[in-house]
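Reviewing the structure listed below.
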Amino acid sequence: MKKSWKLLSAMMIVMLLILAGCGNDSNNAGSNASAGESGSDGVATIKERGKLLVGVKYDTKLFGLKDPSSGNVEGFDIDISKAIAKHILGDENAIELKEVTSKTRIPMLNNGEIDMVVATMTITEERKKEVDFSDVYFQAGQSLLVKKGSPIKGIDDITKDSTVLGSKGSTSVKNIKEKVPGVTVLEFDNYQDAFNALKTGKGDALTTDDAILYGMAAQDPNYEVVGEPFTDEPYGIAVQKGNSAVVKAINDTLAELKSSGEYDKIYEKWIGKAPAK
Ligand code: GLU
Numbered sequence: 001m002k003k004s005w006k007l008l009s010a011m012m013i014v015m016l017l018i019l020a021g022c023g024n025d026s027n028n029a030g031s032n033a034s035a036g037e038s039g040s041d042g043v044a045t046i047k048e049r050g051k052l053l054v055g056v057k058y059d060t061k062l063f064g065l066k067d068p069s070s071g072n073v074e075g076f077d078i079d080i081s082k083a084i085a086k087h088i089l090g091d092e093n094a095i096e097l098k099e100v101t102s103k104t105r106i107p108m109l110n111n112g113e114i115d116m117v118v119a120t121m122t123i124t125e126e127r128k129k130e131v132d133f134s135d136v137y138f139q140a141g142q143s144l145l146v147k148k149g150s151p152i153k154g155i156d157d158i159t160k161d162s163t164v165l166g167s168k169g170s171t172s173v174k175n176i177k178e179k180v181p182g183v184t185v186l187e188f189d190n191y192q193d194a195f196n197a198l199k200t201g202k203g204d205a206l207t208t209d210d211a212i213l214y215g216m217a218a219q220d221p222n223y224e225v226v227g228e229p230f231t232d233e234p235y236g237i238a239v240q241k242g243n244s245a246v247v248k249a250i251n252d253t254l255a256e257l258k259s260s261g262e263y264d265k266i267y268e269k270w271i272g273k274a275p276a277k
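Residue 78 in the UniProt record's numbering sits at position 78 of the sequence shown; the count goes up by one each step and never skips.
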């Protein structure tokens with residue numbers, strides 16, 4: 001009788017130890033589940049999930065545009081995102097795209113809804129306080145889109161009496177207010193709404209990066225990009241602060257794309273010319 005009690009208690013201790021071990025494992029899995037926690041190895045998190053979560057634009061022709069009939073999202077930023085998925089997970093389709101706007105992209109990244117933002121995002125000192133950036137992967141500059149025949153031919157024609165349209169949370173809105181103090185700027189939730197506002201005569205010009213404006217002009221030939229770009233907008237891929245493993249994986253991907261010639265192919269496919277060297 002005494003012997004079987006001892007055996008039973010020894011078995012119970014062993015079982016408790018096993019259960020305690022299992023508990024730890026599931027806790028670890030749980031804490032790794034959120035996208036790109038700072039401090040942890042974000043690449044390991046992505047590999048464990050088996051899928052890269054990327055914030056892209058859905059309304060920006062040439063960079064990230066959703067085709068309403070097929071549901072496909074296509075553009076320069078999408079091709080770069082697929083190359084990163086291939087680099088990290090060995091499969092360019094191991095990816096889930098989520099729509100971001102200029103205003104929602106940093107909050108969505110820092111909430112853990114996405115691993116990275118690949119969405120026409122300029123690297124700025126102000127944004128670097130909130131996120132980390134990859135190397136520059138595209139060089140744009142701010143410009144103006146107007147209806148053909150408009151008296152506005154460039155930034156010098158924008159005065160404090162002009163009404164300019166832009167997207168909330170973009171550098172473009174901040175820059176134009178600095179360039180032309182007193183100018184009226186109407187801010188929209190996304191670029192599609194801003195473009196619709198231009199078409200319905202709510203403003204004299206729409207301002208954002210030239211590359212985005214060329215996409216809009218291609219959508220409607222009644223509109224044209226005027227003047228020279230008046231700012232530098234170097235695009236970077238944003239990740240949560242401190243996520244150096246993911247920044248390295250992105251920079252390695254960009255370097256590979258450039259050395260293999262694939263970057264130039266993607267650039268020409270969407271922008272229609274070779275990148276400036
Ligand atoms: N590149 C500028 C920015 O990051 C304008 C384009 C955009 O709004 O995404 O703010």
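Don't be surprised by glycine CBs; every beta carbon is placed ideally from N, CA and C.
{"query": "Y235 CB to nearest heavy atom of the ligand GLU below 8 Å", "result": "yes"}
{"query": "The ligand GLU heavy atom lying under 8 Å from the CB of K148", "result": "no"}
{"query": "Entirely enclosed beta strand (DSSP E) segments - the stretch 44-102, minimum 3 residues", "result": "52-56, 64-66 and 95-99"}
{"query": "DSSP state of S162 mapped onto helix, strand, coil", "result": "coil"}
{"query": "Buried/exposed call for D77, threshold 16 Cβ in 10 Å", "result": "buried"}
{"query": "Cβ-Cβ separation, L97 to V131 (assumed contact under 8 Å), whole Å", "result": "About 19 Å; that fails the 8 Å criterion."}
{"query": "Residue burial classification, A205 (beta-carbon count within 10 angstroms, cutoff 16)", "result": "buried"}
{"query": "Nearest neighbour of I56, chosen from D210, G203 and V239 [CA to CA]", "result": "For clarity, residue 56 is Val in the given sequence; the question names Ile instead. When each option's Cα is compared against that of V56, the closest is V239."}
{"query": "Continuous beta strand (DSSP E) stretch holding K147: start and end", "result": "Q142 to K147"}
{"query": "Between the CA atoms of A211 and residue 283 - distance to the nearest angstrom", "result": "This structure does not reach residue 283, given that the chain is present from 1 up to 277, and the question cannot be answered."}
{"query": "Nearest to G261 (by Cα), restricted to the options K241, E74 and A83", "result": "A83"}
{"query": "Where Y263 sits in the DSSP three-state scheme", "result": "helix"}
{"query": "Alpha helix (DSSP H) runs wholly inside the stretch 196-247, at least 4 long, in chain order", "result": "210-219"}
{"query": "Residue from G112, A249 and K265 whose Cα sits closest to the Cα of I88", "result": "A249"}
{"query": "Beta-ladder partner(s) of L186, from DSSP", "result": "L165"}
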